[in-house]
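Enquirer:
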Amino acid sequence: VRTRDRPQEAPSLPYLPVLGSLLSLRSPHPPHVLFKELQQKYGQTYSLKMGSHQVIIVNHHAHAREVLLKRGRTFAGRPRTVTTDVLTRDGKDIAFGDYSATWRFHRKIVHGALCMFGEGSASLQRIICTEAQSLCSTLSEAAATGLALDLSPELTRAVTNVICSLCFNSSYSRGDPEFEAMLRYSQGIVDTVAKDSLVDIFPWLQIFPNKDLRLLKQCVAVRDQLLQKKFEEHKSDYSDHVQRDLLDALLRAKRSAENNNTAAEFSAEAVGLSDDHLLMTVGDIFGAGVETTTTVLKWAITYLIHYPEVQKQIQEELDRKVGVDRPPQLSDRGSLPFLEATIREVLRIRPVAPLLIPHVALSDTSLGDFTVRKGTRVVINLWSLHHDEKEWTNPDLFNPGRFLSADGSSLTLPSSSYLPFGAGLRVCLGEALAKMELFLFLSWILQRFTLSVPPSQSLPSLEGKFGVVLQPVKYAVKATPRPGCHSGLFPANP
Ligand code: HEM
Ligand code: PLO
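In short: position in the sequence shown from 1, add 1, done, that's the working numbering.
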């Protein structure tokens, strides 16, 4: 027997019983950076143990594509962890729920509901532009008083109101106590859920007092109360004839399952339309809808402050193609390649989910030449893909031009080592929505303002804080109105 025909195990980090590879994972760097560095010693694809769980780390796009696309179905599972079980009532949601008929069904309902607001109808554009208008008014007020402003709550409210319209047909005004509570609980969840915390490695540790787990449970309780309230309101004025939002779409699916199938095995419960499932799905979309897009907007602004020449180039493109007499609209997307390239570059250099969400092998399989046993967790290190020196020149340099043709007139994809939204069966459900929001919010802001930090303040850190999403740090931004652009110049809606 020739050795190279024998199935191989992926190279493994050392591990101990119970502890797994924990001792090799102690590092001052966040996990995505450490996993990128470990390639030098173990190769692009290697394995390690988290407690008793076998984990494969993938750092190259060829293997990433094999996991997500070629063997997408085999790798479509999700692990159960202590923290995500707390958040999702044991995986009754889409993102952290295992591969199942229920998961597929919920994805379909959400997809349908998002399409209802889709690009075809003008309604999504109208919702986003209303929020962009309100955001710009806040920036104007701050500018008039000469104040620098922490943009984070303002951007979060704008983005929250878009997803709130889609999920619950409602929105928040500035200072709304429910919104303030949402900001607090959501940050608590981002800081603790799926964190590389010991509870996820040693489930038995949850019997010991654990500060993070306690905080997570408190925050989830507050979130659940909010979701429950929206749910009760929707149930009480639900009608089969109007579908106002995602929650109505979910309620309609539940009613129709209940009406059509009286047999127990087809009950709403059995097909995954229990109240818990509905709440967790809408909780996912609400949570994902807020935290991801807000984070990208914050990164975009942070980079534009660091690279004023990029900001200026976007503004010149806007002046040329849109002018100052009307606000930008989705139909301008094709004529603003430099802005689109900047959005792509932000998503490359600071991926929202640098390790995606872990996948799980649903049966014995392989990855390249390596054997993979059923139940193995697979972590795609998007950070490595997006910072691969063989694929990107100066990967740590922020350079939107890399996504443009030589004459700058059209968009390109210079490398296939780029998957900001994942791919395959588990691809992000909100990609189209997120791209519309990023385009409209950034174009509205940059048409009217130049962003900088006050002279007394140093530039914001580009390092970011690793959690379930990679967030930039907090800092105050000075928005200077651009000559010729007044926030009240044109009506909110194109
Ligand atoms: C999953 C990125 C915005 C809903 C994901 C994944 C990534 C991602 C990398 C994981 C894919 C995997 O595990 O293989 C992003 C980025 C966004 C964004 C970069 C913003 C720029 C949104 C928005 C929504 C959303 C606005 C809601 C409408 C979801 C859901 C999943 C997901 C539900 C789980 C899919 C599943 O497991 O089946 N996203 N996302 N995302 N995203 Fe997004
Ligand atoms: C964000 C905090 C919310 O309070 C709850 C929530 C729900 C869905 C999660 C989201 C959080 C973080 C980003 C996630 C999203 C599902 C898909 C998305 C993980 C935890 C990404 C980027 O994969």
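In this text, a Cβ means the ideal position worked out from N, Cα and C, and glycines have one as well.
Owing to the predicted nature of the structure, the values given are computational and were not obtained by experimental measurement.
With the ligand PLO as the reference, list in chain order each residue whose Cβ lies under 6 Å from any of its heavy atoms.
Expert: In chain order, the hits are A96, S187, I190, V191, V194, R224, D285, G288, A289, E292, T293, V353, A354, I358, V469, V470.
Enquirer: Considering only heavy atoms of the ligand SAH, does any lie closer than 8 Å to the CB of R108?
Expert: In the structure on display, the ligand SAH does not appear, and the ligands it does have are the ligand HEM and the ligand PLO.
Enquirer: Between V380 and E464, what straight-line distance do the alpha-carbon atoms span, to the nearest angstrom?
Expert: Taking the straight line from one Cα to the other gives about 22 Å.
Enquirer: Could you tell me which uninterrupted beta strand (DSSP E) segments, each at least 3 residues in length, are contained entirely in the stretch 309 to 360, listed from first to last along the chain?
Expert: Runs found: none.
Enquirer: Based on Cα-Cα distance, which residue from S153, P396, G485 lies nearest to Q316?
Expert: Among S153, P396, G485, the Cα nearest to that of Q316 belongs to G485.
Enquirer: Along the beta strand (DSSP E) that carries Q55, what are the first and last residues, could you check?
Expert: 54 to 59 is the span of the beta strand (DSSP E), which, as asked, contains Q55.
Enquirer: Taking DSSP as the reference, what is the three-state secondary structure of T377?
Expert: Coil, per DSSP.
Enquirer: Measure the alpha-carbon distance for V478 versus Y239 and round it to whole angstroms.
Expert: Using only the alpha carbons, I get a separation of about 43 Å.
Enquirer: Counting pairs of Cβ atoms below 8 Å between the stretch 103 to 115 and the stretch 430 to 442, do you hit three or more?
Expert: Output reads yes: the stretch 430 to 442 touches the stretch 103 to 115.
Enquirer: With a threshold of 8 Å, are at least 3 pairs of Cβ atoms found where one atom belongs to the stretch 179 to 191 and the other to the stretch 152 to 165?
Expert: Yes, since at least three Cβ pairs between the stretch 179 to 191 and the stretch 152 to 165 fall closer than 8 Å, the two stretches touch.
Enquirer: Contact defined as beta carbons within less than 8 Å: I believe H64 pairs with L356. What is the distance between those atoms, to the nearest angstrom?
Expert: Contact doesn't hold; Cβ gap of about 14 Å is too wide.
Enquirer: Output needed for V347: all residues of its chain with C-beta closer than 7 Å, excluding positions within five of it in sequence on either side, in chain order.
Expert: Excluding sequence neighbours, V347 sits near V297, W300, A301, Y304.
Enquirer: Please find out if some non-hydrogen atom of the ligand HEM comes closer than 8 Å to the beta-carbon of C429.
Expert: It does: the Cβ of C429 is within 8 Å (strictly closer) of some heavy atom of the ligand HEM.
Enquirer: Hey, G21 and K42 are a contact pair by Cβ (cut 8 Å); roughly how many whole angstroms apart?
Expert: Not confirmed; about 17 Å, so no contact.
Enquirer: For L414, count neighbouring Cβ atoms within 10 angstroms of its own Cβ and tell me buried if that reaches 16, exposed if not.
Expert: With fewer than 16 other Cβ atoms within 10 Å, it is exposed.
Enquirer: Since L368 sits in a beta bridge, which residues does DSSP pair it with?
Expert: According to DSSP, which records beta bridges pairwise, L368 is partnered with F371.
Enquirer: Figure out for me which residue from A354, L247, K475 has the closest Cα to the Cα of N170.
Expert: Comparing Cα positions, the closest option is L247.
Enquirer: Taking all protein chains shown into account, decide if C1 is buried (16 or more other Cβ within 10 angstroms of its Cβ) or exposed.
Expert: With the chain running from 2 to 495 in the structure shown, residue 1 is simply not present.
Enquirer: How would you write the range of the alpha helix (DSSP H) that P32 sits in, first residue to last?
Expert: Where P32 is concerned, the enclosing alpha helix (DSSP H) stretches over 32 to 38.
Enquirer: Would you call N400 buried or exposed, if buried means 16 or more other Cβ atoms sit within 10 Å of its Cβ?
Expert: Buried: at least 16 other Cβ atoms inside 10 Å.
Enquirer: Any heavy atom of the ligand HEM within a distance shorter than 8 Å of the CB on E432?
Expert: Checking every heavy atom of the ligand HEM against the Cβ of E432, one is found closer than 8 Å.
Enquirer: In whole angstroms, what separates the C-alpha of S141 from that of P482?
Expert: The alpha-carbon atoms of S141 and P482 are separated by roughly 7 Å.
Enquirer: Spell out the partners DSSP gives P482 in its beta bridges.
Expert: Note: P482 sits in a beta bridge opposite F450.
Enquirer: Opposite L150 in the DSSP bridges: which residues?
Expert: BP columns for L150 point to V478.
Enquirer: Quick one: does G402 have its CB under 9 Å from some CB of chain C?
Expert: Structure shown: chain C not included; a single protein chain is present.
Enquirer: Going by beta carbon distance, what residues of the same chain come within less than 7 Å of G423, once the five residues before and after it are set aside?
Expert: So the list reads L69, L357, C429, once near-sequence residues are dropped.
Enquirer: Within 10 Å of its beta-carbon, does P496 have 16 or more other beta-carbons around it, so buried, or fewer, so exposed?
Expert: Absent from the structure is residue 496, since the part of the chain shown begins at 2 and ends at 495.
Enquirer: Which same chain residues, not among the five before or five after A159, have their C-beta less than 8 Å away from its C-beta?
Expert: Excluding residues within five positions, the ones whose Cβ falls inside 8 Å are E132, A133, S135, L136, F442.
Enquirer: Spell out the partners DSSP gives L17 in its beta bridges.
Expert: The partner list for L17 (beta bridge, DSSP) reads G21.
Enquirer: With 16 as the cutoff for other CB atoms within 10 Å, does H30 come out buried or exposed?
Expert: H30 should be labelled exposed.
Enquirer: Mark N261 as exposed unless 16 or more other C-beta atoms lie within 10 angstroms of its C-beta, in which case mark it buried.
Expert: Burial call: exposed.
Enquirer: Taking a contact to mean a Cβ-Cβ separation below 9 Å, would you say V56 touches T46 in this structure?
Expert: Contact flag unset, no.
Enquirer: Checking the sheet assignment: what are the DSSP bridge partners for K42?
Expert: Bridge partners of K42: none, in fact.
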